[in-house]
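Chains A and B, in that order, give the protein sequences. The opening position of the first sequence corresponds to residue 1 in the working numbering, with each subsequent residue numbered one higher. The opening position of the second sequence corresponds to residue 1 in the working numbering, with each subsequent residue numbered one higher. All C-beta atoms, glycine included, are put in the ideal place defined by N, C-alpha and C. Computed from a prediction, not measured in an experiment: that's the story for all the values here.
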Amino acid sequence: MHQNGHLRIDSSRLPGHRLDVGEDAPLRLDCGIDFAPFTIAYQTYGKLNADRSNAILVCHALTGDQFLLESPLAPDRPGWWHQIAGPGKPLDTDRYFLICVNVLGGCMGTTGPREMDPRTGKPYGLGYPVITIADMVRAQARVVDHLGIDQLFCVIGGSMGGMQTLEWAASYPERVFAAVPIATTARHSAQNIAFHESGRQAIMADPDWCGGDYLNQDRHPHRGLAVARMVAHVTYLSEPSLHRKFGRRLQDRATVTYGFEADFQVESYLRHQGSTFVDRFDANSYLYITRAMDYFDLAAEHGGVLANAFRGTPTRFCLVSFTSDWLYPTAESRTVVQALNAVAARVSFVEIETDGGHDAFLLDEPELKATLNGFLDGCAAARGLAETPR
Amino acid sequence: MTDDTRPSAPTPTGAPIRADLQLVADMVTPESRVLDVGCGDGSLLDYLVHAKQVDGRGMEISQAGVNACVRQGLSVIQGDADTDLVNYPDGAFDFVILSQTLQATRDPKGVLVELCRIGRRAIVSIPNFGYWRVRAQLLFGGRMPVTDCLPLPWHATDSIHLCTIHDFVTLCAELGLAVERSLILDHVGRPRRFDPGGRAANLLGEQAVFLLRNG
């Protein structure tokens, strides 16, 4: 019998900060609903300077959270971006004030489908509104306002975090001094949507999903969620790296068993990815957040022409893509670069050679760190941010 | 970018740039908007940004070059002069620079037209295939020339569209591009007072720098 792990944990017991949005100031969502009351959970690192000019907003990805440096649910593991954020790292906590907000629709403290709906006294489930990337960004803007910051020094994120970064730059150009969208796209392709739909169907086909009402019925669609995670995880890796790590090697056995156990190491690896995921992520959140990514189409928000999203922008951009990322290939970043060139925006674009696949932005990639260091140092000098001795 | 390794002048920031690049830089007005096409390792762009406070951008075909530039804090994208200039709007820059790169493009005519569309002015520097040493090596030695300005052997060079100063000036006239200024450089990179359309320039100039404009 699967225990629901952290899903039973009161999210207010997680570390970090909370901003309550009351009914006097609802958030107008793209779907038309005025959403309130709700809570936004966020974490910060480093110190905001007197000018409030050194703030960097980090946008997390689909299954990420606001804990860049630590894992509250797994204290023995570092946070998801410990390679990039921390003292002396490119997102230097000795120099910058980092903010990371749990996205709307998430399950790590920000009100999402697993939180209680005040109208019913029960978890929202599928009663939660269908949110978009733009809605996530609006919620983040409430936090930035609350912190008294007029202009963010930088907005940065990978994958879905990169989508949020692009949306920030398009919606609030005067509030974003520099934008770093990494391994991302300006719109989900048919293939992207297809993979996400496969994952959603796996969750919804699990009899324990109960039409989204599983928390109310004390059930947990852990099998469907695990399969969704396995499929998605394959898209985050490159074939060369899978081959290098696992190949056709067998798991603790000399021959195949002529059955359906995890004969191959790669099968065992994927099963492990699935089973650890279900302990830390809510199935309905997975539906809502993948939906938001599928709906994302920055050009469509601007008359079908991507360049219109960035016309007149003062923001400095640095786009990064990875050679072996086949989920959001380099061509997607190049499309954004061309749109930025069309409006003569200030843009850098780097494609990094790696076999780490889409997930490379989470890994130890020296070229990524060197790029970020160079770009951020240049921006800091332009903005007059004092240097911190490294 | 050439493999020219001749001595160069030190810059206010301390890092020396090649003598011909210094002459290119001297044509750029301070605080203007500049695009350096084929910016290589970013040394010219870096000089312009620091010594002349330009709003500078770069395009470079080699990813390693791009990454090196971005690491230095320069706004540089990976791109090909033959195909990627079309994305920029008209008159987006005060100066567009193409130094020692025209001979490596597949469509030099198209590139020149694009340069003068996206830039109010274009600064183009070329090696002169009419330089007397080049003519001598071919005429007397019967060999493809190898000089300081054209240092790579015929099988290793990227230069697929070499021309003489005379050829270049003729092409500009054909395209309706006005030559506002020209510098004819001798073998130590010194500008000489030659009429760019004359015989002396075509024979004695090892390379040349042109400031161009539409019409």
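Not flagged as an interface residue toward chain B: Thr-165(A), since no C-beta distance is shorter than 8 Å. Taking 4 residues as the shortest admissible run, the segment 285-364 of chain A contains the following complete alpha helix (DSSP H) segments, listed from N- to C-terminal end: 330-342. Collapsing the DSSP output to three states places Phe-95(B) in a strand. Of the candidates Trp-154(B), Gly-38(B), Arg-192(B), Trp-154(B) places its Cα closest to the Cα of Gly-142(B). Pairing Val-70(B) with Phe-375(A) gives a Cβ-Cβ distance under 8 Å.
Between Thr-157(B) and the set Thr-164(B), Asp-167(B), Gly-198(B), Met-144(B), the nearest pair of CA atoms involves Met-144(B).
Cβ neighbours of Thr-330(A) within its own chain (closer than 8 Å, five residues either side excluded): Ser-321, Phe-322, Thr-323, Glu-351. Per the coordinates, the alpha-carbon of Ala-299(A) lies some 33 Å from the alpha-carbon of Pro-108(B). Distance from the CA of Leu-48(B) to the CA of Val-54(B), rounded to the nearest whole angstrom, comes to 6 Å.
For the pair Ile-56(A) and Leu-98(A), the CB atoms are nearer than the 8 Å cut-off. Taking C-alpha positions only, Leu-162(B) is separated from Gly-130(B) by approximately 10 Å. Counting every other CB atom within 10 Å of its CB across the protein chains shown gives Cys-172(B) a total of 16 or more, marking it as buried. The DSSP-derived three-state label of Val-103(A) is coil. Using beta-carbon distances, Asn-87(B) counts as an interface residue toward chain A, with a partner under 8 Å. Taking C-beta separations shorter than 6 Å and ignoring five residues to either side along the sequence, the partners of His-82(A) in its chain run Leu-69, following chain order. Interface residue (Cβ-Cβ distance to chain A less than 8 Å): Ala-92(B) is classified as such. Per DSSP, reduced to three states, the secondary structure at Ile-165(B) is helical.
The contact set of Glu-351(A) on chain B, defined by CB atoms closer than 7 Å, consists of Gln-63, Gln-78 in chain order. In the same chain as Ser-275(A), and ignoring 5 residues on each side of it, the C-beta atoms closer than 7 Å to its own belong to Ala-226, in chain order.
Bridge partners of Val-180(A) according to DSSP: Ile-156(A). Scanning chain A for C-beta atoms nearer than 9 Å to the C-beta of Asn-214(B) yields nothing, as the closest lies near 18 Å away. Chain-ordered listing is empty here: chain A has no CB closer than 7 Å to the CB of Gly-130(B), the nearest sitting near 36 Å. Interface criterion not met: the Cβ of Gly-88(A) is under 8 Å from no Cβ in chain B. Around the beta carbon of Arg-223(A), a 10 Å sphere encloses 16 or more other beta carbons of the protein chains shown; the residue is thus reported as buried. The beta-carbon of Gln-53(B) is placed no less than 8 Å from the nearest beta-carbon of chain A. Two segments are said to touch when three or more pairs of C-beta atoms, one from each, lie closer than 8 Å; by this definition the segment 31-49 of chain A touches the segment 141-155 of chain A.
Under DSSP, Asp-90(B) shares a beta bridge with no residue. For the 8 Å CB-CB criterion, Gln-151(A) and Cys-100(A) do not form a contact.
Along the segment 78-103 of chain A, none of the residues has a CB nearer than 9 Å to a CB of chain B. In the three-state reduction of the DSSP assignment, Ala-41(A) falls in the strand class. Assignment of beta-bridge partners to Pro-191(B) by DSSP yields Leu-185(B).
In this structure, the alpha-carbon of Tyr-236(A) lies about 19 Å from that of Arg-280(A).
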